[in-house]
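Student: Chains as they are written, first to last, in the working numbering: chain A, 1 to 302; chain B, 1001 to 1330. Beta carbons: idealized from backbone N, C-alpha and C, even for Gly. The structure's right below; bear with me while I get my questions together.
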Amino acid sequence: MTAPVWSALGPDGLVFALLIQPFAEFGFMQRALAGCLALSVSAAPVGVFLMLRRMSLTGDAMAHAILPGAAIGYLIAGLSLTAMTIGGIVAGLAVAISSGLVARNTVLREDTSLAAFYLLSLALGVLIVSVRGNSVDLLHVLFGTVLALDDAALTLLVGIAGVTLVSLTLLYRPLVLECLDPGFLRSVSHWSPVAHFGFMALLVINLVAGFHALGTLMAVGLMVLPAATARLWVRRLGALLLLAVLLALAACLMGLLISYHADWPTGPTIVLSLGAAYLLSMLLAPRGLVRHQHPGSRHRVA
Amino acid sequence: MHHPASIAPPLAHTTRSTRRGWLGLAGLSLALLAPSLQAQTTPPAAGPAVRAVASFSILGNLVRQVGGDRVAVDVLVGPGSDAHVFQPTPTQARQVSQAQVVFSNGLGFEGWMARLLKTAGYKGQQVVVTQGIQPLAAGEHAHGHGHSHGHSHGAPDPHAWQSVTHAMAYVGNIAKGLCTADAAGCDAYKANAAAYTEQLRALDAEIQAAWATIPAAQRKVITSHDAFGYYAKAYGVRFLAPQGLSTESEASARGVAQLVRQIRQENIQALFVESLSDPRLIEQIGRETGVRPSGELYADSLSDASGPAPTYLAMMRANTAALTQAVKGP
Chain A
1 MTAPVWSALG
11 PDGLVFALLI
21 QPFAEFGFMQ
31 RALAGCLALS
41 VSAAPVGVFL
51 MLRRMSLTGD
61 AMAHAILPGA
71 AIGYLIAGLS
81 LTAMTIGGIV
91 AGLAVAISSG
101 LVARNTVLRE
111 DTSLAAFYLL
121 SLALGVLIVS
131 VRGNSVDLLH
141 VLFGTVLALD
151 DAALTLLVGI
161 AGVTLVSLTL
171 LYRPLVLECL
181 DPGFLRSVSH
191 WSPVAHFGFM
201 ALLVINLVAG
211 FHALGTLMAV
221 GLMVLPAATA
231 RLWVRRLGAL
241 LLLAVLLALA
251 ACLMGLLISY
261 HADWPTGPTI
271 VLSLGAAYLL
281 SMLLAPRGLV
291 RHQHPGSRHR
301 VA
Chain B
1001 MHHPASIAPP
1011 LAHTTRSTRR
1021 GWLGLAGLSL
1031 ALLAPSLQAQ
1041 TTPPAAGPAV
1051 RAVASFSILG
1061 NLVRQVGGDR
1071 VAVDVLVGPG
1081 SDAHVFQPTP
1091 TQARQVSQAQ
1101 VVFSNGLGFE
1111 GWMARLLKTA
1121 GYKGQQVVVT
1131 QGIQPLAAGE
1141 HAHGHGHSHG
1151 HSHGAPDPHA
1161 WQSVTHAMAY
1171 VGNIAKGLCT
1181 ADAAGCDAYK
1191 ANAAAYTEQL
1201 RALDAEIQAA
1211 WATIPAAQRK
1221 VITSHDAFGY
1231 YAKAYGVRFL
1241 APQGLSTESE
1251 ASARGVAQLV
1261 RQIRQENIQA
1271 LFVESLSDPR
1281 LIEQIGRETG
1291 VRPSGELYAD
1301 SLSDASGPAP
1311 TYLAMMRANT
1321 AALTQAVKGP
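Below, the structure written as structure tokens:
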């Protein structure tokens, strides 16, 4: 596409060429958009709860914990969506459950036990991959691309989004309580472990979904960045969830279009769109750098 | 050895089948031994008369065909390896220093060769097998960007072996080189070269015949290899480089869109892009365009012995079969 073509089309033609035409002409762009939408709707709310529970870095650790599982799935069954999904979920759940149990029953805190178990999982994965296969091939595979989503992958993404939304609705009250005061929830209700492990399971399946669409590390970006950006603008939990989802959707659309017009790799472009929104909000938002000195505006959540 | 009579009846059956197995094994090892026994008896002197080094696997195969049992051939860039990014090992430097004749393709294909010969202190005979061949210019078709393959535009295209006619010239040059290195074996080399040239002539006719049934307008292939300029000229096939995507960089939406447009506009049926980064991306492009991604082409090296292209003849046949089948479409 070149500028003279657009100018000849007039303003309507320009809008069409910029925004609609890529999706109208190419099926892979439609699939990419659909996959991104499903991922935004489920990953962004999970990211909000991660942030409120001060577990944003946990998302990154869990992404590393999933990688070896997916790699083992690939080594066993080749480039199979099912095998890599199951492998990723098993590895992620194993790390989440064992670190949660250790944190709740020993002197070690959650962050330490999680770090210990995800490092074990990662080391095991690297070992198995080095012994069993050629890592060059695998590297291409482990970084998923949103441009290559097929019907099965799309179905998986939509399914995971559905499960996430239903589970979040069911777990909403215990999750909010646990965010506010985990000790209180633990003392008055037996819902605390359900909320915690249920939420970790949601985190794992969303990371697996993001792994197929964007690659593991980029998937964390779609969780953490919309939540952090939304937090700079609004306070109430409902508004946080809504704004995070909208931000994720907008960034996906922007990222895909920029990747199309500017010839940039898609996954990083989507995450960088989110990053631009975060940095801008930092400057402009009421709860950004300007209002940071106001003592009243901090630590009031939901 | 067991004595059959001493074996109890229930065991007899198993023993007989193992004995048959042993016999089979013995037969097999005899069959394996036979060629090497032959190799030991045919040359007048014990062992090979000439030690030769060939720069890459395809050339190595041609030198073996001409040299026969008189020549021991070491190949520097083995099957499945990339000659563009070759790093010689100390063992290979020693092989070079012990050789009487070194065969290289020339035309800039082995940029590392001059330095290797100097390092190894090689003073012997050097044969550049493309001597006398009129080279094509590299990059006659448009390359996708991000493409870096060692040789720049305007330089000669070194992949001359992809035309069987040029391979015949290679064989002539190899025979001449071996005659200079080993005058006593010259008659044998000439006879081998003549016999192999006959096979090449038959191969050339075979490839021409395979393409003859396909209309010229349909002979269009997208491939990420840039090695088929000579094949294209010899057999009237158009090779287009995939636009937008490359091996090195991560895919952008624009890159995928460009390739899809190119396939649609050119009405391409044959897509050989196995070296691009993500196999799922190729499948997606296949879904988008209705083109099934085709198999593998052998450009710069042979496959190993178990693969479909362990020799030059097999390689050209495998490539031609893959290309013609893909071009015909589903």
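Any contact between the region 1107-1127 of chain B and the region 1072-1089 of chain B? By contact I mean 3 or more CB pairs, one from each, below 8 Å.
Tutor: Counting Cβ pairs under 8 Å, three or more are found: they touch.
Student: Spatial neighbours of Ile-1133 (chain B) within its chain, please: CB distance less than 6 Å, with the 5 preceding and 5 following residues excluded, ordered by chain position.
Tutor: Only Ala-1160, His-1166 and Ala-1169 meet the Cβ criterion.
Student: I need the DSSP call for Ile-1222 (chain B), collapsed to helix, strand or coil.
Tutor: Three-state DSSP puts Ile-1222 (chain B) in a strand.
Student: Could you work out which residue in A:Leu-37, A:Gly-125 and A:Met-223 is closest to Leu-57 (chain A) when comparing CA atoms only?
Tutor: Looking at the Cα atoms, A:Met-223 is the closest of the given residues.
Student: Which residues share a DSSP beta bridge with Asp-1074 (chain B)?
Tutor: B:Val-1053, per the DSSP bridge assignment.
Student: Please state whether the Cβ-Cβ distance between Ile-97 (chain A) and Thr-164 (chain A) is less than 9 Å.
Tutor: The answer is no: Cβ separation not under 9 Å.
Student: Among B:Ala-1257, B:Ile-1285 and B:Val-1221, which residue has its Cα nearest to the Cα of Glu-1296 (chain B)?
Tutor: Residue B:Val-1221 is the option with its Cα nearest to Glu-1296 (chain B).
Student: Kindly indicate which residue of B:Thr-1089, B:Pro-1079, B:Ala-1175 and B:Ala-1155 has the alpha-carbon position closest to the one of Gln-1126 (chain B).
Tutor: Of the candidates B:Thr-1089, B:Pro-1079, B:Ala-1175 and B:Ala-1155, the one whose C-alpha sits nearest the C-alpha of Gln-1126 (chain B) is B:Ala-1175.
Student: Quick one: which chain A residues come within Cβ less than 7 Å of Leu-1281 (chain B)?
Tutor: Near Leu-1281 (chain B) (Cβ distances below 7 Å), the residues of chain A are Thr-145, Leu-147 and Ala-148.
Student: Spell out whether any CB of chain B is found under 9 Å from the CB atom of Leu-79 (chain A).
Tutor: Yes, its Cβ sits closer than 9 Å to a Cβ of chain B.
Student: Strictly by DSSP, which residues pair up with Phe-1239 (chain B)?
Tutor: In the DSSP output, where bridge partners are listed per residue, Phe-1239 (chain B) has B:Val-1221.
Student: When we look at the beta-carbon of Gly-1047 (chain B) and count the other beta-carbons within 10 Å, is it buried (16 or more) or exposed?
Tutor: It counts as exposed.
Student: Excluding the 5 residues flanking Ile-1285 (chain B) on each side, which residues of the same chain have their C-beta closer than 7 Å to its C-beta?
Tutor: Answer for Ile-1285 (chain B): Val-1256, Leu-1259 and Val-1260, listed in chain order.
Student: The beta strand (DSSP E) with Ser-1303 (chain B) in it runs from where to where?
Tutor: Looking at the DSSP string, Ser-1303 (chain B) is not in any beta strand (DSSP E), and its letter there is neither H nor E.
Student: Given that Arg-1292 (chain B) touches chain A, what residues does it touch there, using C-beta distances under 8 Å?
Tutor: Within chain A, no residue comes near Arg-1292 (chain B); the closest Cβ sits about 14 Å away, beyond 8 Å.
Student: Could you tell me whether the region 1182-1201 of chain B touches the region 1236-1246 of chain B, where touching means 3 or more Cβ pairs closer than 8 Å?
Tutor: These segments do not touch.
Student: Between the beta-carbon of Ile-89 (chain A) and the beta-carbon of Gly-69 (chain A), is there less than 9 Å?
Tutor: In contact: Ile-89 (chain A) and Gly-69 (chain A) (Cβ atoms closer than 9 Å).
Student: Residues of chain B with CB closer than 7 Å to the CB of Phe-26 (chain A), please, in chain order.
Tutor: Within chain B, the residues near Phe-26 (chain A) are Ala-1257, Val-1260 and Glu-1288.
Student: Taking Arg-1201 (chain B) as the reference, which of B:Val-1164, B:Ala-1210 and B:Thr-1213 has the closest Cα?
Tutor: It is B:Val-1164 whose Cα lies nearest to the Cα of Arg-1201 (chain B).
Student: Answer with yes or no whether the minimum CB distance from Tyr-74 (chain A) to chain B is below 9 Å.
Tutor: So no, Tyr-74 (chain A) is outside the interface.
Student: Look up Pro-1156 (chain B) in the DSSP assignment and say whether it is helix, strand or coil.
Tutor: Looking at Pro-1156 (chain B) - three-state DSSP - the assignment turns out to be strand.
Student: Measuring CA to CA, which of A:Ala-43, A:Thr-145, A:Val-41 and A:Val-95 is closest to Leu-214 (chain A)?
Tutor: Looking at the Cα atoms, A:Thr-145 is the closest of the given residues.
Student: Alpha carbon to alpha carbon, how far is Ala-250 (chain A) from Met-55 (chain A)? Give it in angstroms, no decimals.
Tutor: Met-55 (chain A) and Ala-250 (chain A): Cα-Cα distance of roughly 24 Å.
Student: Please state if the CB of Met-62 (chain A) and the CB of Leu-114 (chain A) are separated by a distance shorter than 9 Å.
Tutor: In contact: Leu-114 (chain A) and Met-62 (chain A) (Cβ atoms closer than 9 Å).
Student: How do the region 270-283 of chain A and the region 224-234 of chain A stand: do at least 3 beta-carbon pairs fall below 8 Å, yes or no?
Tutor: Cβ pair count under 8 Å is three or more, so yes.
Student: Kindly indicate which residue of B:Thr-1223, B:Lys-1233, B:Arg-1254 and B:Ala-1251 has the alpha-carbon position closest to the one of Leu-1240 (chain B).
Tutor: Here the closest residue by C-alpha is B:Thr-1223.
Student: Since Leu-1271 (chain B) sits in a beta bridge, which residues does DSSP pair it with?
Tutor: DSSP output for Leu-1271 (chain B) lists B:Ile-1222 as bridge partner(s).
Student: Of all the CB atoms in chain A, is at least one closer than 9 Å to the CB of Gln-1125 (chain B)?
Tutor: For Gln-1125 (chain B), the answer is no, since every Cβ of chain A falls outside 9 Å of its Cβ.
Student: Against Ser-988 (chain B), what residues of chain A qualify as contacts under a CB-to-CB distance less than 7 Å, listed in chain order?
Tutor: No answer is possible for residue 988 (chain B): it lies beyond the span of chain B, which begins at 1001 and ends at 1330.
Student: Would Gly-1244 (chain B) count as contacting chain A if we go by Cβ distances under 9 Å?
Tutor: Interface residue, yes.
Student: Just to confirm my understanding: we take Gly-1060 (chain B), look at its own chain, exclude 5 residues before and 5 after, and list those with CB closer than 6 Å. What are they?
Tutor: Counting only Cβ-Cβ distances below 6 Å, and skipping sequence neighbours, we find Ala-1054, Val-1073 and Val-1075.
Student: Are the beta-carbon atoms of Ala-65 (chain A) and Ile-76 (chain A) separated by less than 9 Å?
Tutor: In this structure, Ile-76 (chain A) does not lie closer than 9 Å to Ala-65 (chain A) by Cβ.
Student: Can you tell which of B:Gln-1065, B:Pro-1156 and B:Ala-1253 has the C-alpha that lies nearest to the C-alpha of Gly-1172 (chain B)?
Tutor: For Gly-1172 (chain B), the nearest C-alpha among the options comes from B:Gln-1065.
Student: Do the CB positions of Ala-38 (chain A) and Ile-128 (chain A) come within less than 9 Å of each other?
Tutor: No, they are not a contact pair.
Student: Since Met-309 (chain A) meets chain B, which of its residues come closer than 9 Å, beta carbon to beta carbon?
Tutor: With chain A covering 1 to 302 only, the question about residue 309 (chain A) has no answer from this structure.
Student: Can you look up Pro-1308 (chain B) in the DSSP assignment and give me helix, strand or coil?
Tutor: Looking at Pro-1308 (chain B) - three-state DSSP - the assignment turns out to be coil, as it is neither helix nor strand.
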